Amino acid sequence: MGKMQGPSGGSHSSGNGPHRVGYWMSEKKEKRINFAVFGDLCRAHGIELVKVDLEKPMEEQGPFQVIVHKLTDPLLEASQGNQAARAIVQRFEDFISRHPETTLLDPLHSIRLLLNRCHSYQMIQELDLCQTDGIINIPPFVELRTTNRDEIIRRLNNNCITFPFVCKNVVAHGSNSHEMAIIFNEDGLVDVKPPCVAQSFINHNAILYKVFVVGSMFFIVERPSLKNFSPGKSDRKTIFFNSHDVSKAESTSHLNEQEPGRAGRLHQPSRQVLKNLVERLQEKVSMALFGFDVIMECGTDRYNVIDINAFPGYDGVPDFFPALLRHVEELLDGGGDATKKAAKHPSNAVLSSLPQTQTLLKHPMQSFPSKQPWSTLMPIS
Numbered sequence: 001m002g003k004m005q006g007p008s009g010g011s012h013s014s015g016n017g018p019h020r021v022g023y024w025m026s027e028k029k030e031k032r033i034n035f036a037v038f039g040d041l042c043r044a045h046g047i048e049l050v051k052v053d054l055e056k057p058m059e060e061q062g063p064f065q066v067i068v069h070k071l072t073d074p075l076l077e078a079s080q081g082n083q084a085a086r087a088i089v090q091r092f093e094d095f096i097s098r099h100p101e102t103t104l105l106d107p108l109h110s111i112r113l114l115l116n117r118c119h120s121y122q123m124i125q126e127l128d129l130c131q132t133d134g135i136i137n138i139p140p141f142v143e144l145r146t147t148n149r150d151e152i153i154r155r156l157n158n159n160c161i162t163f164p165f166v167c168k169n170v171v172a173h174g175s176n177s178h179e180m181a182i183i184f185n186e187d188g189l190v191d192v193k194p195p196c197v198a199q200s201f202i203n204h205n206a207i208l209y210k211v212f213v214v215g216s217m218f219f220i221v222e223r224p225s226l227k228n229f230s231p232g233k234s235d236r237k238t239i240f241f242n243s244h245d246v247s248k249a250e251s252t253s254h255l256n257e258q259e260p261g262r263a264g265r266l267h268q269p270s271r272q273v274l275k276n277l278v279e280r281l282q283e284k285v286s287m288a289l290f291g292f293d294v295i296m297e298c299g300t301d302r303y304n305v306i307d308i309n310a311f312p313g314y315d316g317v318p319d320f321f322p323a324l325l326r327h328v329e330e331l332l333d334g335g336g337d338a339t340k341k342a343a344k345h346p347s348n349a350v351l352s353s354l355p356q357t358q359t360l361l362k363h364p365m366q367s368f369p370s371k372q373p374w375s376t377l378m379p380i381s
């Protein structure tokens with residue numbers, strides 16, 4: 001074969017045959033994001049996309065120049081002692097170690113870090129952006145591993161956790177990771193289900209910004225979120241909710257509806273601030289495919305990061321597959337070297353430049369759900 005034209009107009013040599021890109025994700029994930037569309041896109045650009053069978057030796061399925069994956073299920077199961085999952089992960093790691101020419105999107109050690117909310121929060125806290133200007137924060141948090149009321153109160157006080165606070169599963173993956181509770185007083189501490197993370201609730205006008213990273217691009221999607229609550233203790237009963245349901249684009253939950261007099265001053269996020277945050281996070285985690293949630297604290301310019309995930313769903317990002325193809329082609333052609341090096345050598349975590357961002361923001365004054373989000377592709381200097 002000759003040379004194929006990439007989506008950006010560049011060309012890449014196919015060598016002795018089409019480029020081979022392996023991938024693995026659960027069938028549920030594959031169907032949910034309609035990954036078959038990406039397969040069609042790859043074929044149109046001279047790339048053979050092959051699903052890896054984790055039950056068979058990978059040597060028989062290669063070679064692969066790039067492997068795109070979401071191995072969070074096997075990694076989580078392996079960490080919980082599942083021997084079959086451990087064997088799968090070990091085979092995968094052995095293959096990558098024997099084939100340094102294969103670029104992995106993304107490194108398994110980075111995925112493991114993001115599986116634990118406490119570890120990922122601590123990692124973000126260590127960023128220089130959180131240490132210096134105070135614009136970017138992690139709301140105060142603490143891990144709770146007991147149902148003892150006095151011990152819970154002690155840990156909350158020692159870590160400056162205020163009422164109301166949100167209780168989240170320590171594990172940041174799987175359906176249970178979306179099951180949360182807002183606790184308003186000491187009586188509500190009976191609803192703490194350890195192990196969990198307690199995190200001070202920050203009023204943010206029921207608006208959440210999801211930031212999706214794809215190699216050298218990032219996307220911002222506005223979503224509905226939890227309404228404001230009065231700071232401090234109150235006599236409210238614990239509110240149980242599913243964060244996925246509350247923050248999906250078409251959400252009509254009563255938890256999204258602001259109460260009269262509770263709305264604060266509205267701020268739009270700065271692309272430059274988010275760009276800086278994406279850069280620092282990519283340096284830290286050595287990943288090309290991840291997303292994080294940001295809320296803007298009422299009455300301030302502070303950005304609060306409340307979650308971070310590996311290979312998210314990219315819901316609301318219509319150009320995800322072209323962006324992913326672009327990044328894969330850069331790796332195949334020897335471009336995107338910084339991300340490639342980071343993916344292969346976690347200790348040399350270097351960031352590729354972020355030349356572009358795409359913003360998909362609903363009009364801020366419209367109520368949810370908004371029917372026609374506007375989008376624009378903006379260069380970043």
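Residues in the sequence shown are numbered from 1 upward in steps of one, following full-length UniProt numbering. Even glycine gets a Cβ: it sits at the ideal position worked out from N, Cα and C. Predicted, not measured: the structure shown is a model, and the values here were computed from it.
In the three-state reduction of the DSSP assignment, ASN148 falls in the coil class, being assigned neither a helical nor a strand state.
A Cβ-Cβ distance of about 28 angstroms is found for the pair HIS178 and ASN276, leaving them out of contact under the 8 angstroms criterion. Measuring C-alpha to C-alpha distances from MET123 to each of GLN282, ARG32 and GLY215 identifies GLN282 as the nearest.
Here ASP245 is exposed: its Cβ has fewer than 16 other Cβ atoms, across all protein chains shown, within 10 Å. Annotation for THR103: the continuous beta strand (DSSP E) segment containing it runs 103 to 105. Assignment of PHE64 by DSSP, reduced to helix, strand and coil, places it in the coil class.
Measuring C-alpha to C-alpha distances from LEU255 to each of PHE240, PRO269, HIS267 and GLN268 identifies PHE240 as the nearest. Sorting TYR314, LYS31 and THR238 by C-alpha distance to the C-alpha of VAL213 places TYR314 at the top. In the three-state DSSP reduction, MET217 falls in the strand class (E or B). Secondary structure at GLN268: coil, using DSSP grouped into helix, strand and coil. Excluding sequence positions up to five before and after HIS69, its CB lies within less than 6 angstroms of the CB of TRP24, all in the same chain and listed in chain order. The C-beta of ASP293 has 16 or more other C-beta atoms within 10 Å across all chains shown, which makes the residue buried. As the crow flies, the alpha-carbon of GLU77 is around 13 angstroms from that of ILE111. According to the DSSP assignment, MET123 belongs to the alpha helix (DSSP H) that extends over 117 to 125. Nearest to VAL142 by alpha-carbon distance, out of THR252, ASP40, ARG149 and CYS196, is CYS196. Burial state of HIS109 is exposed, judged by a 10 Å Cβ sphere holding fewer than 16 other Cβ atoms. Its chain contains PRO140 as the residues whose beta carbon lies nearer than 6 angstroms to that of CYS160, once the 5 sequence neighbours on both sides are disregarded; these appear in chain order. The beta-bridge partner set that DSSP reports for MET180 consists of PHE241. For the set GLU93, ILE295, VAL221 and PHE311, the Cα lying nearest the Cα of VAL285 is the one of PHE311. As computed with DSSP, GLY39 is found in no beta bridge at all. Counting the other CB atoms within 10 Å of its CB gives LYS210 a total of 16 or more, which places it among the buried residues. Beta-bridge annotation (DSSP): HIS69 is paired with TRP24. Secondary structure at MET296: strand, using DSSP grouped into helix, strand and coil. Counting C-beta pairs with one atom in each stretch, the stretch 86 to 104 and the stretch 159 to 175 have fewer than three that are closer than 8 angstroms, which means they do not touch. Between the stretch 187 to 196 and the stretch 294 to 303 there are fewer than three C-beta pairs closer than 8 angstroms, too few to call the two in contact. Judged by their CB atoms, PHE184 and ARG236 are nearer to each other than the 8 angstroms cut-off. Taking 8 angstroms as the cut-off, the Cβ atoms of PHE95 and MET58 count as close. DSSP places GLU48 inside the beta strand (DSSP E), whose first and last residues are 47 to 51.
Look at VAL166 here: in three-state DSSP terms it is strand. Looking only at ASP187, LEU325, GLN199 and GLU259, the smallest Cα-Cα distance to CYS118 is reached by GLN199. Annotation for ALA172: LEU114, LEU115, ASN116, ARG117, SER120, ASP307, ILE308 and ASN309 place their beta carbon closer than 8 angstroms to its own, counting only its chain and skipping 5 residues before and after.
With at least 16 other beta carbons inside 10 angstroms of its own, ALA85 counts as buried.
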